[in-house]
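Positions 69 to 465 (the working numbering) are the ones given, in order, by the sequence shown.
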Amino acid sequence: MYTSPKKGLRIIERNPFSLLSDIIRDHRELKEDLPPVIKRGKGPYVYDYDENRFLDFFLAQGSLTLGHAPPGITRVLKSWLGRGYSAGYQAASHALLAKKLFALILDGTIPSWKGYRWLFYDSPYEAFHSLYSLLELCGYTDQCAYLNDDRGRSKLTPGWPERIPPLSGFLKNRDSKDLDPKDFTSKDLDSVSCVILRPVNESKTIDTIKELAKRGVVIISDESGIEGYLHLRSAKELYDSIQVRIFGNWLASGYSFGCILAVNSLLSRVKVGMNRQIFERLLPYTGFPPLYKIKAAIASVIHMKEFGGIEGLIEKNRLFFSLLGESHFLQRGGLIYMKGTEKLGSNYRELYRNLLREGIYFPFSPQEPVCTSFAHNEILLKKSAPKINSLFNSFYR
């Protein structure tokens with residue numbers, strides 16, 4: 069089955085936030101490689117949006133067209149099913165979500181949306197995996213490194229093909245917490261394409277990131293958890309140094325969801341020498357998650373704005389921290405952390421299970437923040453805090 073994607077092409081071209089729209093505008097000969105604008109109907113039908121008709125179809129070894137309904141039947145089916153959501157609607161919904169995300173989480177952190185592009189994915193895992201492939205297509209073929217976080221542990225990044233080494237491994241085996249950016253040499257960074265970080269407020273770390281960006285290393289901010297976003301939010305001097313930001317499930321009410329925000333100057337490198345073969349390699353990485361996840365993210369962002377946005381969430385964390393007290397917890401960057409994580413160690417699993425028996429869900433790792441959400445009202449927080457403190461007191465006796 070083939071149809072010319074006229075309607076879908078127009079919608080994609082009008083999306084100012086899409087990498088795909090940039091490529092199609094610059095390489096019109098590639099438009100025929102776009103998928104037709106099709107939606108799934110009820111029963112054995114798909115709706116061909118461009119030809120305005122329903123198609124019988126049968127899924128076995130891919131999509132196999134068995135025939136198409138005549139216009140009269142199409143009108144009846146259309147009245148039963150409605151227009152529904154097509155690939156064109158999906159592209160338009162991406163633009164809507166991008167606008168709302170800019171308004172909610174990026175207002176004041178970047179000068180203008182015009183220099184950025186959004187890519188949406190089924191999960192943070194898929195976002196990381198796709199970014200790795202996109203960087204290769206953009207010519208960044210050297211290795212990535214992890215700038216150790218404030219606990220000094222390199223991380224296993226989901227979607228990446230292997231465990232990412234710490235940056236110190238490329239810099240004469242120096243510990244990354246003692247790195248002085250003035251000591252960097254070109255040879256040190258010869259084999260490093262990008263550095264992934266969860267930004268922290270230490271001045272030396274900030275200087276390191278700025279110096280790496282000046283040397284042409286791509287800086288990727290891992291904000292798949294809200295703690296990464298809040299850390300960067302409190303380190304505004306890093307905004308100009310970061311080319312890629314990755315967001316996760318917290319933007320979609322807990323649904324598995326991921327998205328990438330990248331500076332257009334980085335992604336535009338993929339357009340150089342663009343041809344049909346490169347375009348076919350690129351398409352799987354441009355991001356088309358199930359529509360219900362996009363709708364969930366839009367609803368979540370609207371809900372967040374109604375309840376005070378990120379500031380409202382930080383205020384709720386402050387309230388919860390005041391209820392918990394400072395005996396076992398501390399507050400940093402708008403988030404609540406457990407004290408004495410070294411002492412907790414392997415015994416934390418026992419405390420975690422005790423909390424779970426009381427209906428209190430704590431992080432799997434004691435190093436991760438204790439997060440509230442807009443679903444936690446003040447009454448619930450006031451009931452939970454004494455239980456939590458009691459369990460921590462019993463654990464430390």
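Cβ atoms here follow ideal geometry from the backbone N, Cα and C, with glycine treated the same way.
Phe432 counts as exposed, since fewer than 16 other beta carbons sit within 10 angstroms of its beta carbon.
The DSSP-derived three-state label of Ser324 is coil.
Counting along the chain, Leu265 sits inside the beta strand (DSSP E) bounded by residues Val260 to Leu265. Cβ-Cβ separation between Glu436 and Leu459: approximately 18 Å, too far for a contact (criterion under 8 Å). Taking a 10 Å sphere around the C-beta of Glu295, we find 16 or more other C-beta atoms and assign the residue as buried. Within the model, the alpha-carbon separation for Leu334 versus Ile288 is close to 12 Å.
For Tyr200, the enclosing alpha helix (DSSP H) has its first and last residue at Pro192 to Leu205. The beta carbon of Ser321 sits closer than 6 Å to the beta carbons of Ala364 and Ser368 from its chain, once the five residues preceding and following it are set aside; these are given in chain order. Here DSSP, grouped into helix, strand and coil, assigns Glu426 to coil. The closest CA to that of Asn461, considering only Asp190, Leu387 and Lys407, is found on Lys407.
Counting the other Cβ atoms within 10 Å of the Cβ of Arg417 gives fewer than 16, which makes it exposed.
Taking 8 Å as the cut-off, the Cβ atoms of Gly376 and Ser302 do not count as close. Only buried fits Glu291, as 16 or more other CB atoms lie within 10 angstroms of its CB. Of all alpha-carbon atoms in Asn415, Leu392, Leu403 and Lys182, the one lying nearest the alpha-carbon of Glu379 is that of Leu403. According to the DSSP assignment, Gln399 belongs to the beta strand (DSSP E) that extends over Phe397 to Arg400. For Gln399, the CB contacts under 6 Å within the same chain, skipping 5 residues up- and downstream, are Phe389 in chain order. By the CB criterion at 8 Å, Leu202 and Val338 fall inside the cutoff.
If you draw a 10 Å sphere on the C-beta of Ala166, you find 16 or more other C-beta atoms in it, and that means buried. Under a 10 Å Cβ-count criterion, Asp90 is classified as buried, with 16 or more other Cβ atoms of the shown protein chains found around its own Cβ. Assignment of Ser414 by DSSP, reduced to helix, strand and coil, places it in the helix class. Here DSSP, grouped into helix, strand and coil, assigns Val338 to helix. A distance below 8 Å between beta-carbons, with the five flanking residues on each side excluded, links Gly183 to the following residues of its chain, in chain order: Val331, Asn332 and Ser333. Residue pairing by DSSP places Cys212 opposite Cys262 in a beta bridge.
Between the alpha carbons of Ile447 and Thr440 lies a distance of about 13 Å. Cβ neighbours of Leu88 within its own chain (closer than 7 Å, five residues either side excluded): Ile80 and Thr354.
When the five nearest sequence neighbours on each side are left out, the beta carbons in the same chain lying within less than 7 Å of the beta carbon of Ser324 are those of Asp190, Ser191 and Asn317, in order along the chain. The criterion of a C-beta distance shorter than 8 Å is satisfied by Ile264 and Tyr214.
When DSSP states are grouped into helix, strand and coil, Phe463 belongs to the helix group. In this structure, DSSP gives Arg313 an extended state, which the three-state scheme calls strand. If you ignore the 5 residues before and after Lys168, its C-beta comes within less than 6 Å of the C-beta of Val369, all in its own chain and listed in chain order.
Look at Leu174 here: in three-state DSSP terms it is coil, with no helix or strand label.
Closest by C-alpha distance to Arg93, out of Met342, Ser414, Arg349 and Lys384, is Met342. Put simply, of Pro434, Ile274, Leu412 and Lys450 the residue whose alpha carbon is nearest the alpha carbon of Arg465 is Leu412. Contact between Leu381 and Phe442 holds, with the beta-carbon distance rounding to 7 Å and staying under 8 Å. Under the three-state reduction of DSSP output, Arg283 falls in the coil class, being neither helix nor strand.
Taking C-beta atoms as the reference points, Ser161 and Gln211 fail to come closer than 8 Å.
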